[in-house]
Amino acid sequence: MVKYRFVFFLSVLLMFVAVISYAAKDEATLEGEWNFDNGDAADSSGKGLDGNIVGEPEVVDGIVGTALLFDGVDDGVKLPDSAGINTIAQPDFYTDRTIAAYFNCTDVGVTEQKQTIFEEGGRTRGLVINVFDGQVYVAGWNRAEYQWPGAFPSAPVESGVWYHVGLVIREADAAVEAGKFEMWLNGELIASEDGGGLYGHGDDIGIAHVNGNAVFHDDDGAGTNIHYFGGIIDEVVVYNSAFDAADFAEYATAVVSVEPQDKFTTTWASIKAERTRQ
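Oh and the sequence shown: position 222 is 232 in the working numbering, straight run, nothing missing.
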């Protein structure tokens, strides 16, 4: 009897481990990656979602390689619609999503506009990451189908400092449920809030500005070519899988290793090379 109980326990444990593994980052679900290493907005995911740069962002040193410094006035990147991000027909529903990016905001205290790091979707369904009045926010909403009004967790940030921010929809359904929407900052889980899955949406995608409609914590965001970001953005990624703590810790290593600078560059270069080999 003890033997059978042990076998049963082991089977359950293995199934639990399998679920955890399935919930983590899956490279097969990479839908877009913009690292700005060539000073442009080419997509290195292989999906061909090259961005169109508007304004004149400056090419500067980033987390590794180069990044883009946006002026907060009219600089941005416009991304094309994508079957993997917003306009798929079947299945027209996202149960898992991760959006993550490095950013270094010139002035986090700006209150005249929301400084958009990334946005997809529109007023009905969408996701956004932005800085406003000393806080970095992540947001998600699906105001049709099952009426998710939105989640808008935030955390304090400082001007001139590098951060890695991520939002996650994790194993969600077409219903508002507890713990389905997460915010991560520098490898730490900041918030786990009510949320749900995201239905397909046709509105445009933007980096460093709102390309076409969004929703912020105060319900602002209606419009096109608004809410520009001032500062540096690097390594923007979109996955249709949910990163786990180990995935975010890997990215956060670059942020916590900024001193000394040589160590920072070497450490992140090694991590990035290792990711490429996997």
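For each residue, glycine too, the CB sits at the ideal point set by N, CA and C.
Expected contact under 8 Å - CB spacing of Lys2 and Ala182 to nearest Å: The shown model of the chain, from 11 to 288, leaves out residue 2, and the question about it has no answer.
Beta strand (DSSP E) segments (min. 3 residues) lying fully within the segment 74-112: The qualifying runs are 76-81, 86-89.
CB contact flag (Ala111, Ile242, <8 Å): With contacts defined by Cβ atoms closer than 8 Å, Ala111 and Ile242 do not form a contacting pair.
Integer Cβ distance of Lys44 from Val175, believed to fall under 8 Å: This sequence places Trp at residue 44; Lys is not what is there. Not quite, the Cβ-Cβ distance comes to about 15 Å (not below 8 Å), so this is no contact.
Neighbour-count burial assignment, Asn48, 16 or more Cβ in a 10 Å radius: Counting the other Cβ atoms within 10 Å of the Cβ of Asn48 gives fewer than 16, which makes it exposed.
Terminal residues of the alpha helix (DSSP H) in which Asp257 lies: Run containing Asp257: 255-266, per the alpha helix (DSSP H) assignment.
Anticipated Cβ contact below 8 Å, Gly240 with Asp84, distance rounded: Your pair Gly240 and Asp84 does not check out as a contact, with CB atoms roughly 11 Å apart and the cut at 8 Å.
Bridge partner(s) assigned by DSSP for Ile242: Looking at the DSSP output, Ile242 shares a beta bridge with Leu79, Asn114.
Contacting residues, own chain, Cβ-Cβ under 6 Å from Glu168 (five flanking each side not counted): None.
At least three beta-carbon pairs within less than 8 Å, the segment 220-228 to the segment 50-63: Verdict: no, contact absent.
Cα-Cα separation between Ile215 and Gly42, rounded to whole angstroms: Across the structure, Ile215 and Gly42 are spaced so that their CA atoms are roughly 11 Å apart.
Nonlocal neighbours in the same chain, by C-beta distance under 8 Å from Thr105, ignoring five residues either side: The answer, listed in chain order, is Ile179, Glu181, Ala182, Asp183, Gly207.
Sequence ranges, beta strand (DSSP E) only - wholly within the segment 138-217, length at least 3: Those beta strand (DSSP E) runs which fall completely within the segment 138-217 and span 3+ residues are 145-152, 158-161, 164-166, 172-179, 187-195, 198-205, 215-217.
Beta strand (DSSP E) segment containing Gly231, residue limits: Element bounds for Gly231: n/a, residue is neither H nor E.
Cβ separation of Thr126 and Ala218, assumed to be a contact under 8 Å, to the nearest whole Å: Confirmed, about 7 Å.
Exposure label - Asn62; buried when at least 16 CB within 10 Å: Under this definition Asn62 is an exposed residue.
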